[in-house]
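Which chain is which? The protein sequence lines are A and B, in order.
If you number the first sequence the way the working numbering does, the last residue is 119 and the count never jumps.
If you number the second sequence the way the working numbering does, the last residue is 1119 and the count never jumps.
Glycine included, C-beta positions come from ideal geometry on N, C-alpha and C.
The model shown is predicted, which means the values in this text are computed figures rather than measured ones.
Protein chains: 2
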Amino acid sequence: MSTPDATPCCAPLTRETISADDAATLAVRLKAIAEPTRLRLLSLIAAGDGGEMCVCDLTGPVGLSQPTVSHHLKVLVDAGVLTREKRGVNMFYTVVPSALDSLAVVLTTSAAAPSPAGA
Amino acid sequence: MSTPDATPCCAPLTRETISADDAATLAVRLKAIAEPTRLRLLSLIAAGDGGEMCVCDLTGPVGLSQPTVSHHLKVLVDAGVLTREKRGVNMFYTVVPSALDSLAVVLTTSAAAPSPAGA
Chain A
1 MSTPDATPCC
11 APLTRETISA
21 DDAATLAVRL
31 KAIAEPTRLR
41 LLSLIAAGDG
51 GEMCVCDLTG
61 PVGLSQPTVS
71 HHLKVLVDAG
81 VLTREKRGVN
91 MFYTVVPSAL
101 DSLAVVLTTS
111 AAAPSPAGA
Chain B
1001 MSTPDATPCC
1011 APLTRETISA
1021 DDAATLAVRL
1031 KAIAEPTRLR
1041 LLSLIAAGDG
1051 GEMCVCDLTG
1061 PVGLSQPTVS
1071 HHLKVLVDAG
1081 VLTREKRGVN
1091 MFYTVVPSAL
1101 DSLAVVLTTS
1111 AAAPSPAGA
């Protein structure tokens, strides 16, 4: 039973030297999304009506069985990048934008970061 | 013999539905960095004098043998996020900022993206 945790873990990787603990936390989150089907699921869910999708509507586009899709969705929920809500007999999934954005911030280098005002 | 390739592969994940091919490319790049030692190596190299470091100076901080560190560095070079240059008997490694930034762009959601002018 892992707890979803999308708390930003670390400063931008190339700006501050990352600690061993932070590197371990960050690696777990990156590993959760570093899988082709999971990337497609994230993208499909974000494009869904109201930014959410039912597992029943995801099996077709990715061409996988419902148990396989549910497993991938669970990994993404555990990593904090998706939330789920049961409505009736269906489970609906929504992307957590702040979780993806916090990963993006860690990877952004000073070359891409906005310059400080007046610099 | 993989060719380093840091060409941006995809539009932001939550803005456009990612194709199966792009998801596969992106997953390979994310997997390369989704490892604690490799994240620490990237961070240490970026903090190095002139933004580069010799493998000989990286073994101490990560507490691993030179062959293990060299293996991790090769994965990062193959993924296009590091370049290497031999000078004398030493191999020096430098971060490729555009490669990390292109991964960051793919993960950034519209919630974090700058608003279009006037919007």
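- In the DSSP assignment, L26 of chain A falls within the unbroken alpha helix (DSSP H) covering A20 to I33.
- Counting only Cβ-Cβ distances below 8 Å, P8 of chain A has no contacts in chain B at all, with the closest Cβ about 12 Å away.
- Note: V1095 of chain B is bridge-paired with B:L1082 in the DSSP secondary-structure output.
- Among the residues facing chain B, R40 of chain A is included, as its CB has a counterpart in that chain under 9 Å away.
- A distance below 9 Å separates the beta carbons of V62 of chain A and L44 of chain A.
- With a cutoff of 9 Å on beta-carbon distance, L76 of chain A and L58 of chain A are scored as not near each other.
- Residues of the region 1099–1114 of chain B with a Cβ closer than 7 Å to any Cβ of chain A, in chain order: L1100, D1101, L1103, A1104, L1107, T1108, T1109, A1111 and A1112.
- For R1040 of chain B, the secondary structure class from DSSP, reduced to helix, strand or coil, is helix.
- For the options B:L1100, B:A1111 and B:L1042, the alpha carbon positioned closest to that of A23 of chain A is the one of B:L1042.
- Taking 9 Å as the threshold, the shortest C-beta distance from R1084 of chain B to chain A does not fall below it.
- Nearest CB-CB separation between E52 of chain A and chain B: not below the 9 Å threshold.
- When beta bridges are read from the DSSP output, R1087 of chain B appears opposite B:N1090.
- At a cut-off of 9 Å between beta carbons, L73 of chain A makes no contact with chain B.
- Beyond the five residues adjoining it in sequence on each side, G1051 of chain B comes within less than 8 Å, by CB distance, of I1045, T1094 and V1095 in the same chain, given in chain order.
- By the Cβ-count criterion, V69 of chain A is buried, with 16 or more other Cβ atoms from all chains shown falling within 10 Å of its own Cβ.
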